[in-house]
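Q:
Numbering (full-length UniProt numbering), first residue to last: 1 to 497.
This is the structure in structure tokens:
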């Protein structure tokens, strides 16, 4: 390797550190708020509806504007959009930290979500641009994915530590210096990749249609998870699907579409996107039930439960870092498929075992096996797209993951709820374990104990049902990976894209 190549590689990894810092904060911000909710609720006194908006609007904005921001980055420049997003995120973090009303905090969360939507696809596309060599790109995306997973796991822990010494606004305020570093580092270390031929032109009708597709779908899936009988959830899903059909038809007619449907003509792109979304379905559902099990069945505090939840995230981080090493000599389809078989084995431990160690250990193995889907799948998706469409491809990958998680929470949540409802005989057990525990709190100890025991046993059965469905799904995904990605050569044989 020449001195010039060495310097170029070192500069690329320095630029990579800036992008990792941005994605780390995005992941932390996704989860850090949960522990702060009781504190800000006591200070700002939001209504139940306002509290839901505070928690949900961030994710809604990210999901709704991801496609638009990915396409916008391809037009005006991904580096420029990243820097704008980072600066806006820092400002919004300061506003959120010092909010004096719920309206002010909700507005800050809206801006945080919009900024996050600009940061996510821009950062991933820039990672791909920094490393044109397929093998180095796979390694970089593995590190990028590990940073996101590590940030998501660290969020509750960081939040707990901050709240022990500072006020609730501190969980937002930490974003200010971090995003200042991202802006400063990005100006110096990040290059501006080539833009698409249609630079600067954005079809506003398509933007509205994309919002009309994603927002009702995410909202409907969230409401479906809370109440499968809720009519408004099905109405929202129907509206989202209608907008989706109209959106796809319009993209096919436009010379410069917001979403380039030609990307789906690449088999690697389509297969990797499908497998990624499917894996997120399983992760979303299992993670939801595991977090509830730790607190409501095992009786752990939120802080201790958060520490236990961090263990499977360690599996995701380890798998994300190891996967790129394997695809240097093995085909990506084989690594992803074999990993999903390992994931099924981890879920089998949960199904066969009993107790906290079996649950956490089994899910850790399962998430370790699923890690190649994210680390390698993202690389296949972005690598299959032309460089000028990297932002759109990144946005599709991240949107697929967001929708997969929402779908997993809704569908697997419905499976668990149905099994719970069919396993309890007492009317006081209600429709959920939380309702049963609330009812038991108002009963004499002699009557409360059997109710709690029955409800917890029923919830455990629901968790096993969710795990069984997850096992079946990852095995199906393993078959898809081994068949649909079998043509992709080892990264060490690919060179530049």
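Using N, Cα and C, we set each Cβ at its ideal position, and we do this for glycine too. From a predicted model like this one, the values you see are computed outputs, not experimental measurements.
1) Between residue 246 and the rest of its own chain, which residues show a CB-CB distance below 7 Å, the 5 nearest in sequence each way excluded?
2) Which same chain residues end up closer than 6 Å to residue 24 when comparing Cβ atoms and leaving out the 5 residues on each side of it in sequence?
3) For residue 478 and residue 273, I'd like the C-alpha separation in whole angstroms.
4) Are there 16 or more other CB atoms within 10 angstroms of the CB of residue 216, so buried, or fewer, so exposed?
5) For residue 438, does the three-state DSSP call read helix, strand or coil?
6) Report back the beta-carbon spacing between residue 463 and residue 293 to the nearest angstrom; my notes put them in contact at under 8 Å.
7) For the alpha helix (DSSP H) containing residue 39, list its first residue and its last residue.
8) Could you tell me whether the segment 47 to 55 touches the segment 99 to 114, where touching means 3 or more Cβ pairs closer than 8 Å?
9) Within 10 angstroms of the Cβ of residue 78, are there 16 or more other Cβ atoms? Answer buried if so, exposed if not.
10) Note down the Cα distance separating residue 483 from residue 333, rounded to an integer number of angstroms.
11) Is it a yes or a no for the segment 230 to 237 touching the segment 412 to 428, going by three-plus beta-carbon pairs under 8 Å?
12) Since residue 427 contacts residue 455 with CB under 8 Å, what's their CB separation in whole angstroms?
13) Out of 163, 307, 162, 69, state which residue places its alpha-carbon closest to the alpha-carbon of residue 206.
14) Can you grab the Cα-Cα spacing for the pair residue 19 / residue 12, in whole Å?
15) Pull up the CB-CB distance for residue 395 and residue 382, whole angstroms please, since I reckon it's below 8 Å.
16) When burial is assigned at 16 or more other CB atoms within 10 Å of the CB, is residue 301 buried or exposed?
17) By the three-class DSSP mapping on this structure, what secondary structure does residue 29 have?
18) Under the assumption that residue 89 contacts residue 119 (Cβ atoms under 8 Å), give the Cβ distance between them as a whole number of angstroms.
19) Distance, Cα to Cα, residue 232 vs residue 220?
20) Indicate whether the contact test is met: 3 or more Cβ pairs, each with one atom in the segment 170 to 179 and one in the segment 92 to 101, closer than 8 Å.
21) Is residue 36 near residue 186, with beta carbons less than 7 Å apart?
22) Hey, residue 433 and residue 288: beta-carbon distance below 7 Å or not?
23) So does the segment 367 to 376 actually touch the segment 310 to 323, counting three or more Cβ pairs closer than 8 Å?
24) Out of 137, 34, 280, 254, point me to the one whose CA is closest to residue 163's CA.
25) Express the C-alpha separation of residue 331 and residue 265 in angstroms, rounding to a whole number.
A: Judging by the given coordinates:
1) Taking residue 246 as the centre and dropping the five residues before and after it, the same chain places the C-beta of 209 closer than 7 Å to its C-beta, in chain order.
2) 147, 151
3) Distance from the CA atom of residue 478 to the CA atom of residue 273, rounded to whole angstroms, is 14 Å.
4) buried
5) helix
6) 5 Å
7) Going by DSSP, residue 39 is part of the alpha helix (DSSP H) stretching over 33 to 44.
8) Note that the segment 47 to 55 touches the segment 99 to 114; at least 3 beta-carbon pairs, one per stretch, sit closer than 8 Å.
9) buried
10) The straight-line gap from Cα to Cα measures roughly 8 Å.
11) Too few Cβ pairs lie closer than 8 Å, so no.
12) Wrong, their Cβ atoms sit about 12 Å apart, outside the cutoff.
13) 69
14) 11 Å
15) Their Cβ separation, rounded to whole angstroms, is 10 Å, which puts residue 395 and residue 382 out of contact at 8 Å.
16) With fewer than 16 other Cβ atoms inside 10 Å of its own Cβ, residue 301 counts as exposed.
17) helix
18) Indeed, because the Cβ distance is near 7 Å, the residues count as touching under 8 Å.
19) 7 Å
20) With a cut-off of 8 Å, the segment 92 to 101 and the segment 170 to 179 count as touching, because enough Cβ pairs lie within range.
21) no
22) no
23) Cβ pair count under 8 Å is three or more, so yes.
24) 34
25) 21 Å
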